[in-house]
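Working notes for the structure below.
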Amino acid sequence: MNEENYAQSEVEREKLPPICHTSPTMDLGRGAKQPFPSLSTFISSLNQRRETGGRFSVGTNQCLPGGRHGRELPPICSDVRQKQRISIDTLPPEVKAPFPSEPVIPLRTKTIKEFQEDMERATTSGDWRDVRDFYLTTFDSFLEINAAFKREANAPFNTTEDSGVNSKFLNAVYDALLCTPQDIQKSVLKGIINSLLREWKGPRTKDDLRAYFILVQNPQYSSTSTYVIYAHLLRQIAALSEADHHFLVHWFKKLSPRRFRQLVERFLHFISTRLLPAPPDELPPLTRCSWWIPAATKVLALFNAANSISTPPIMSFTDFYNITLDHIDIMEQYRTWQSHGNSNKFSFCQFPFILSTVVKKAIIQRDSEQQMISMARQSLVNKVSRRQRVDMNLLFLNIKVRRAQLLSDSLDELSRKRADLKKKLKVTFVGEAGLDMGGLTKEWFLLLVRQIFHTDYGMFTYLKDSRCHWFSSWKCDNYSEFQLVGTLMGLAVYNSIALDIHFPPYCYKKLLTPPIVPCDQNTPIGMATATLGDLQQVMPDLAHGLGELLCYEGNVEEDFYLTFQVFQEELGVVRSYNLKPGGDKIPVNKQNRKEYVQLYAGFLLNKSIYKQFAAFYRGFHSVCASDALMLLRPEEVEMLVCGSPELDMSALQRAAQYEGYTKADLTVRCFWDVVLAFPLELQKKLLHFATGSDRVPVGGLANLNFKIAKIDVSTDWLPISHTCFNQICLPPYKSRKELKQKLTIAISNAEGFGLE
């Protein structure tokens, strides 16, 4: 095809129809070599078929935005908490038959060394004929792709553990592709179009899966000019059956970390590009390709699943976040998901791994605000309907406490006002004139958490080795205080307050087991599967000892002399517990030691504290009962409760706003010189002084609306803060030394509120 014709075909490539099953009258044998037509010829012939009533069907008939209906493609993601179980009809009855035998693959003998020699000769001489013939043949069909890259042409390779692909050869071919002349690169794309438009009869073979696995790694898809072809490839992969997805997930996890990351980043960039407005000559109109984003997201879910089952994960779960989604109104997507669940209508909430913690926090915050408004409105309606005098305080959860009896007053107030928990929180300290515009609430949470988690109180045990708190296992008749602590933590999330709480990550895993409180009171709650790794978070020394037990090569029964019985000290009394019926009579040996470790971890992390944690769980969910919790990973719940772990004062400096000062003023420059040089402890005190909390909000300090204001008073004054507005007021100090002295005094003695 000459350059003029190709340019014409590039303009017309957006006319590509959905990848379809052609009618039986078109006899394109799988793998049979056909004269390769131009892209425009493909389009015109397919348009003729449409005009004559030819039927086109997509592999899954997925329902996509824009009113298209059909079967749903499941998110393949192990950590997605589904609102309802998806019903998948992966194949029609007529093709639910045993897989056909693999077709005979042509024998291709080119080695990586021979290919590299061809590339070197072509680069030196300028004669690309051999390289051109290789690429043209290789990407002409799925059979040829397998012939080139399958380690043994007609070996089955029907396992999840081995894709059968010669990865080194494939990587060499793809790495060289972008260095070849444009006509070779175009011939590869034409071959891929030819492969994708072929007729398919019945279910995919493993060689077909291998071809998809190979094609999705093509580096040409980084260019937007190839996005139409890329989208059709992703659509076909998304349309595969769940069993086929299972194979691909295991093959993807065998990719090198670098290539795995490149593919994930390519998916995210593709989705972001399609989310944003594009020039009309660059991409087809969004109305004509509304299926692009769902298809790409579903294939990205396969990579997320591969990452989840890898030990350790190939990438951090945060690397799957699409930051572009931080800047769109996600609530419409959330409402769609609430209404339709994981059914036919696409929503990003079906694939929560792609949503950042910032987005999830915004969803929870908006959801909380709606619940607060609803509760306040109901209270108002009830008063009016009874012709009672309306007091605006009924719109809030009003907590009045004395500083001297902070803990007892707080728990008493929360117990009495359970019906108002979903109203906006408002705190008053008795005897203080401060008005709660947010600052008093932060102060209340901060002081209350310090007292509750103090070792003298006895509800929680501080474990020095893991530097975290864990639930005391002592037994009692009433666990209501644990429920109130859970309520307190739920209120913090509900009111967007970060707490200085140090629970291990496993605690948040338990909070999401299940993410929605079951209706049946007898259903176990908080009983998350406990592993040795989970125990490592809480009791690292014990976990290390149990790990050695699992690896011991000697006589376990005689050398360790253990039984399926454990001992635990409770309030100075040592008690024994059987890990299984008759456990005190069952010795631990080489054959059952794995079971012993699993039961021991489950006992310590679940059974021994079941009543305590169940009360805590119910308290938390009594406030945070929201579908949005199903979108969260345990690590994200921890971030919502505790805030971000990174204290980046440089980010705060970049985001700071000024009133009466400019960032070039001497006082401001001295302020940042002092603050950036502060040790971590003083930086946290400054944050507490200015905002009422020493915790970093989700998204980091760059998202904090922080303001430095000028106050025209004598420089003998100390700095003043308005924690409700995250504002610090500085007199016009003239030197760095003076500012440091006054600021240090102010932030080190910041407790209590007053009015000028």
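Read in order, the letters of the sequence shown are residues 1 to 756 in full-length UniProt numbering.
Just so it is clear, CB atoms sit at the ideal spot from N, CA and C, and this is done for glycine as well.
Bear in mind that the values here come from a model prediction, so they are computed numbers and not experimental data.
Fill in: Collapsed DSSP secondary structure at N194 in the structure displayed
In the structure shown, the three-state DSSP call for N194 is helix.
Fill in: Rounded straight-line distance, which links the Cα of S608 to that of S466
Roughly 19 Å between the two C-alpha positions.
Item to complete: Please work out which residues of its chain come closer than 7 Å, Cβ to Cβ, to V674, disregarding the five sequence neighbours upstream and downstream, and give them in chain order.
Response: Excluding sequence neighbours, V674 sits near R736, L739, K740 and L743.
Discussion item. According to DSSP, is L240 part of a helix, a strand, or is it coil?
Written reply: In this structure, DSSP gives L240 a state outside helix and strand, which the three-state scheme calls coil.
Practice prompt. Please confirm whether P181 and V228 have their CB atoms less than 9 Å apart.
Written response: Taking 9 Å as the Cβ cut-off, P181 and V228 do not qualify as a contacting pair.
Worksheet item: I think L189 touches T226, with their Cβ atoms under 8 Å apart; what is that distance to the nearest whole Å?
Response: Rounded, the Cβ-Cβ distance is 6 Å, consistent with contact.
Worksheet item: Which class does A709 belong to by DSSP, given the choice of helix, strand or coil?
Response: The answer is strand: DSSP assigns A709 an E or B state.
Fill in: Pairwise C-alpha distance: Y658 and L416
With the sequence shown as reference, residue 416 is identified as Arg, and Leu is not the correct amino acid for it. Their backbone Cα atoms lie some 43 Å apart in a straight line.
Item to complete: Would you mind working out which of L196, E161 and R129 sits nearest F115, comparing C-alpha positions?
Response: Closest by alpha carbon: R129.
Worksheet item: Mind pulling the alpha helix (DSSP H) runs of 4 or more residues that sit fully within the stretch 420 to 482?
Response: Within the stretch 420 to 482, the complete alpha helix (DSSP H) segments at least 4 residues long are 439 to 452, listed from N- to C-terminus.
Worksheet item: Whose CA, out of I525, S626 and L680, lies closest to the CA of A615?
Response: Residue I525 holds the alpha-carbon nearest to the alpha-carbon of A615 among I525, S626 and L680.
Worksheet item: When burial is assigned at 16 or more other CB atoms within 10 Å of the CB, is V574 buried or exposed?
Response: By the neighbour-count criterion, in which 16 or more other beta carbons inside 10 Å mark a residue as buried, V574 falls on the exposed side.
Discussion item. Taking the alpha helix (DSSP H) that L397 belongs to, which residues open and close that run?
Written reply: L397 -> not in any alpha helix (DSSP H); beta strand (DSSP E) instead, spanning F396 to V401.
Fill in: As assigned by DSSP and simplified to three states, the class of K685
DSSP places K685 in helix when its eight states are reduced to three.
Worksheet item: Taking the continuous beta strand (DSSP E) assigned at Q727, which residues delimit it?
Response: Its beta strand (DSSP E) spans residues Q727 to L730.
Practice prompt. Along the beta strand (DSSP E) that carries I720, what are the first and last residues, could you check?
Written response: That run of the beta strand (DSSP E) goes I720 to H722.
Fill in: Given L604 as reference, the closest of L546, L629 and G660 once Cα atoms are compared
Minimum Cα-Cα distance from L604 among the listed residues L546, L629 and G660 corresponds to L546.
Worksheet item: Excluding five sequence neighbours on each side, which residues of the same chain lie with their C-beta closer than 7 Å to the C-beta of V637?
Response: Same-chain partners within the cutoff: Y508, L511 and L512.
Discussion item. Here's a check: name, in chain order, each residue in its chain whose Cβ is nearer than 8 Å to the Cβ of A492, leaving out the five neighbours to either side.
Written reply: Correct list, in chain order: F445, A498, L499 and V641.
Worksheet item: Is any heavy atom of the ligand ADP found at a distance shorter than 8 Å from the C-beta of T691?
Response: Looking at this structure, you won't find the ligand ADP or any other ligand, since it has none at all.
Worksheet item: If we count the other Cβ atoms within 10 Å of its Cβ and call it buried at 16 or more, is P697 buried or exposed?
Response: Burial call: buried.
Practice prompt. Select from Q217, E242 and A231 the residue whose C-alpha is nearest the C-alpha of R259.
Written response: Closest by alpha carbon: Q217.
Practice prompt. Would you kindly work out how many angstroms separate the C-alpha atoms of T297 and A628, rounded to a whole number?
Written response: Taking the CA atoms as reference points, T297 sits about 20 Å from A628.
Practice prompt. Assign F303 to one of three DSSP states: helix, strand, or coil.
Written response: Here DSSP, grouped into helix, strand and coil, assigns F303 to helix.
Worksheet item: Expressed to the nearest angstrom, what Euclidean distance is found between the alpha-carbon atoms of A301 and F351?
Response: Their Cα atoms are separated by approximately 7 Å.
Worksheet item: Would you say the stretch 141 to 151 touches the stretch 203 to 215, given that touching needs at least three Cβ pairs under 8 Å?
Response: Between the stretch 141 to 151 and the stretch 203 to 215, the count of C-beta pairs closer than 8 Å reaches three or more; the two stretches touch.
Discussion item. For Q537 and D648, I'd like the C-alpha separation in whole angstroms.
Written reply: Distance from the CA atom of Q537 to the CA atom of D648, rounded to whole angstroms, is 26 Å.
Item to complete: Could you pull out every unbroken alpha helix (DSSP H) segment of at least 4 residues lying fully inside the stretch 140 to 174, listed in chain order?
Response: Segments of the alpha helix (DSSP H) lying fully in the stretch 140 to 174: 142 to 149.
Worksheet item: In three-state terms, what does DSSP make of P37?
Response: Any answer about P37 is weak, because its pLDDT of 41 lies below 50 and its placement is not dependable; what the coordinates show is given next. Coil.
Worksheet entry | Cβ pair count under 8 Å reaching 3, the stretch 335 to 351 against the stretch 371 to 383 | At 8 Å Cβ cutoff, the stretches do not touch.
Worksheet item: Would you call the CB atoms of residue 757 and I192 closer than 9 Å?
Response: Since the first residue shown for the chain is 1 and the last is 756, residue 757 is missing from the structure and cannot be characterised.
Worksheet item: Mind checking whether D534 and Y506 have CB atoms under 9 Å apart?
Response: Inclusion of D534 and Y506 in the CB contact set at 9 Å is warranted, their separation being smaller than that value.
Discussion item. I need the DSSP call for residue 818, collapsed to helix, strand or coil.
Written reply: The first residue shown for the chain is 1 and the last is 756, placing residue 818 beyond what the model contains.
Item to complete: For I76, I'd like the list of residues in its chain whose CB is within less than 7 Å of its CB, leaving aside the five on either flank, ordered along the chain.
Response: Note that I76 scores a pLDDT of 44, beneath 50, so its modelled location is shaky and nothing firm can be said.
Worksheet entry | Selected residue, minimal CA-CA separation from I745, among K464, G490, C179 and L682 | Of all alpha-carbon atoms in K464, G490, C179 and L682, the one lying nearest the alpha-carbon of I745 is that of L682.
Worksheet item: Considering N555, what are the terminal residues of the beta strand (DSSP E) in which it resides?
Response: For N555, no beta strand (DSSP E) segment is defined, and its DSSP state is neither H nor E.
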